[in-house]
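Mapping to the working numbering: the sequence shown position 19 is 1063, numbers consecutive. Yeah, the Cβ is synthetic: ideal placement off N, Cα and C, and Gly gets one too. A quick note: this is a predicted structure, and the numbers were derived from the prediction, not measured. Please read the structure below before turning to the comments.
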Amino acid sequence: MENNEEQKNELGFDSRIPLAELQKAVADIKQELSKVIVGQENFIELLIVSLLVDGHVLIEGVPGVAKTITAKLFAKTLKTDFSRIQFTPDLMPSDILGTSVFNAKTTDFEFKKGPIFSNIILIDEINRAPAKTQAAMFETMEERQVTMDGTTYPMTAPFMVLATQNPIEQEGTYALPEAQLDRFLFKIKISYPQTDEEVLILKTHHERKGSQPQTLIKDILDPKQLAIFKGQIHEVVVEEKIFKYIAEVVAKTRNHPHLYLGGSPRASIAALNSAKAFAAINGRDFVTPEDVKKAMVPVLNHRVILTPEREMEGMSTENVVQMIMESVEIPR
1045 MENNEEQKNE
1055 LGFDSRIPLA
1065 ELQKAVADIK
1075 QELSKVIVGQ
1085 ENFIELLIVS
1095 LLVDGHVLIE
1105 GVPGVAKTIT
1115 AKLFAKTLKT
1125 DFSRIQFTPD
1135 LMPSDILGTS
1145 VFNAKTTDFE
1155 FKKGPIFSNI
1165 ILIDEINRAP
1175 AKTQAAMFET
1185 MEERQVTMDG
1195 TTYPMTAPFM
1205 VLATQNPIEQ
1215 EGTYALPEAQ
1225 LDRFLFKIKI
1235 SYPQTDEEVL
1245 ILKTHHERKG
1255 SQPQTLIKDI
1265 LDPKQLAIFK
1275 GQIHEVVVEE
1285 KIFKYIAEVV
1295 AKTRNHPHLY
1305 LGGSPRASIA
1315 ALNSAKAFAA
1325 INGRDFVTPE
1335 DVKKAMVPVL
1345 NHRVILTPER
1355 EMEGMSTENV
1365 VQMIMESVEI
1375 PR
């Protein structure tokens, strides 16, 4: 596959899809975020890929590693509406979706839309809300609509949920059910920065001299351009052997001795769509096995469940996904 790319470059073939504008927009978004966010290149790239393929993202990390600020600044680079919802144990579904209010003038009930009716939704600490409130998000995330009192209200495109959760503090939290986890395209785990990155974080904070990070970020992408880029990603070429490669990796998660639950066909589709987006933002109109490899860990690490024995040994889902990818022959 890599030889094909080299041959294309040597022979001077151009991409069949004009991807230059898409690449520039992605580079500009990364450049804007780098004004405030130090490191986290992989995190930012996964957010962009998710946006391009209509996916939602679950962001997991300890407090203070810039989960919320990165999500907020990412939304700021888009010329769209943004809404932030702080999940709490007493939050009700109507607090998110909206509620019917009696209008004395018309002597009728009218629907007042909740904060979920926006474009980019940041849900802080999603695992703090009870199951009933989490379940209210199912239809919205999957069908991109809200049904209330027999009336369906469609969400305006683009619609993307960025949810954060803290993996350490378990008191007063409710674990997300597998059915809801499956609605997220990626689960991105954020770790502590390296020492040199932390020095840079301190320097950039010092140099801002108290100015708010949001004031430094310009909007880059509007919904019309985004719709064009999404259409281009649908046109990316995928060879038969890539389909087989994705299917083999996901199938191996279903009968692996270290895993209690494997990936579903939705996981395979998520890996395919993500791989196409990775190819496009790298200026290629065809998918390579490397694109699939980049997608597999964030796509699978919240969809597979370790056996209790392996969990007690301290093994992670990422370890097992990496083991599976190493065991499947890479197509050439």
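- Here the alpha carbon of G1108 sits roughly 15 Å from the alpha carbon of L1117.
- By the criterion of a C-beta distance shorter than 6 Å, A1314 is surrounded in its chain by L1229, V1343, once the five residues flanking it on both sides are discounted.
- When the five nearest sequence neighbours on each side are left out, the beta carbons in the same chain lying within less than 6 Å of the beta carbon of F1330 are those of V1281, in order along the chain.
- The C-beta distance from S1144 to F1155 rounds to 5 Å, short enough to meet the 8 Å contact threshold.
- T1297 sits in a helix when the DSSP states are folded into three classes.
- For V1093, the enclosing alpha helix (DSSP H) starts and ends at 1085-1096.
- A contact is defined here as three or more CB-CB pairs under 8 Å, and the stretch 1072-1088 fails this definition with respect to the stretch 1172-1191.
- Around the C-beta of I1113, fewer than 16 other C-beta atoms lie within 10 Å, and the residue is accordingly described as exposed.
- Under DSSP, T1191 takes part in a beta bridge, and its partners are T1196.
- Under the three-pair Cβ rule at 8 Å, the stretch 1201-1212 counts as touching the stretch 1094-1103.
- In the three-state reduction of the DSSP assignment, A1321 falls in the helix class.
- In this structure, DSSP gives N1171 a helical state, which the three-state scheme calls helix.
- Per the C-alpha coordinates, the member of F1087, N1345, N1086 positioned closest to L1225 is N1345.
- The Cβ-Cβ distance between I1164 and L1122 falls below 8 Å.
- Distance from the Cα of D1125 is smallest, within the candidate group M1367, D1263, N1171, V1106, for D1263.
- Counting only unbroken stretches of 4 or more residues, the alpha helix (DSSP H) elements lying wholly within the stretch 1114-1173 are 1137-1141, in sequence order.
- Sequence-distant Cβ neighbours of T1177 in its own chain, meaning closer than 6 Å and more than five residues away, are L1135, P1137.
- Relative to V1364, the option among M1356, N1317, L1303, R1376 whose CA is nearest is L1303.
- The residues M1045, I1286, Y1289, I1374, P1375, in chain order, have a CB closer than 8 Å to that of P1333 in the same chain once the five nearest residues on each side in sequence are set aside.
- The continuous alpha helix (DSSP H) containing V1343 extends over residues 1333-1344.
- Of the residues P1301, L1270, H1249, the one whose Cα lies closest to the Cα of L1095 is L1270.
- A contact is defined here as three or more CB-CB pairs under 8 Å, and the stretch 1061-1069 fails this definition with respect to the stretch 1237-1253.
- Just so you know, the alpha carbons of R1227 and L1220 end up roughly 11 Å apart.
- Counting only the Cα atoms, N1299 lies some 32 Å from V1106.
- Going by DSSP, V1364 is part of the alpha helix (DSSP H) stretching over 1361-1371.
- Closest option to R1188, judged by alpha-carbon separation, among G1194, T1195, A1201: A1201.
- A residue is called buried when at least 16 other Cβ atoms come within 10 angstroms of its Cβ; E1353 does not meet this threshold and is exposed.
- Judged by beta-carbon spacing, K1157 lies beyond the 8 Å limit of Q1258, meaning their Cβ atoms are not closer than that value.
- By the criterion of a C-beta distance shorter than 8 Å, A1323 is surrounded in its chain by V1280, D1329, F1330, V1331, T1332, D1335, once the five residues flanking it on both sides are discounted.
- Under the three-state reduction of DSSP, F1230 is assigned to strand.
- Each of M1340, I1261, G1307 was checked against the Cα of A1115, and the nearest Cα belongs to I1261.
- Taking the Cβ atoms as the reference, N1171 lies roughly 4 Å from T1217, within the contact range of under 8 Å.
- In the structure shown, the three-state DSSP call for Q1256 is coil.
- Taking the CA atoms as reference points, G1358 sits about 31 Å from N1317.
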